[in-house]
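Colleague:
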Amino acid sequence: RRRAANTARKLRSEGDPQALAMEWITLYAMAVNEENAAGGRVVTAPTNGAAGIIPAVLHYYMNFVPGADEDGVVRFLLAAGAIGMLFKE
Numbered sequence: 008r009r010r011a012a013n014t015a016r017k018l019r020s021e022g023d024p025q026a027l028a029m030e031w032i033t034l035y036a037m038a039v040n041e042e043n044a045a046g047g048r049v050v051t052a053p054t055n056g057a058a059g060i061i062p063a064v065l066h067y068y069m070n071f072v073p074g075a076d077e078d079g080v081v082r083f084l085l086a087a088g089a090i091g092m093l094f095k096e
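If you read the sequence shown in my numbering, its first letter stands for residue 8, the second for the next number, and so on.
1. Going by other Cβ atoms of all chains shown within 10 Å of its Cβ, with 16 needed for buried, is Gly-59 buried or exposed?
2. Classify Asn-40: buried if its beta carbon has 16 or more other beta carbons within 10 angstroms, exposed otherwise.
3. Is the beta carbon of Leu-65 closer than 8 Å to that of Val-80?
4. Measure the Cβ-Cβ separation of Pro-62 and Tyr-35 and say whether it is below 8 Å.
5. State the start and end residues of the unbroken alpha helix (DSSP H) segment that holds Pro-62.
6. Taking all protein chains shown into account, decide if Ala-38 is buried (16 or more other Cβ within 10 angstroms of its Cβ) or exposed.
7. Would you say Tyr-67 and Trp-31 are within 8 Å of each other, going by their C-beta atoms?
8. Is DSSP giving Arg-19 helix, strand or coil here?
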């Protein structure tokens, strides 16, 4: 059973998205994971179970962080990749 849509409606009614940053990020990750569980197409990196985390943080950054830009996205992806390489070793 999908829960992301109901959670999104609830968060929209609660006001300031920056005050609820973690809830929004969790919602985006949940939506990606629900799509994956339903057989939809998602990028499964680093793993299938964590497929929603990177896009969730990026989506929040681009939509809610003042001054967000593509350079910030590139820095985030480079940092995430570096962390992934550390865990791989």
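Built from N, CA and C at the ideal position, the CB exists for glycine as well.
Modeller: Working from what's here:
1. buried
2. buried
3. yes
4. yes
5. 60-71
6. buried
7. yes
8. helix
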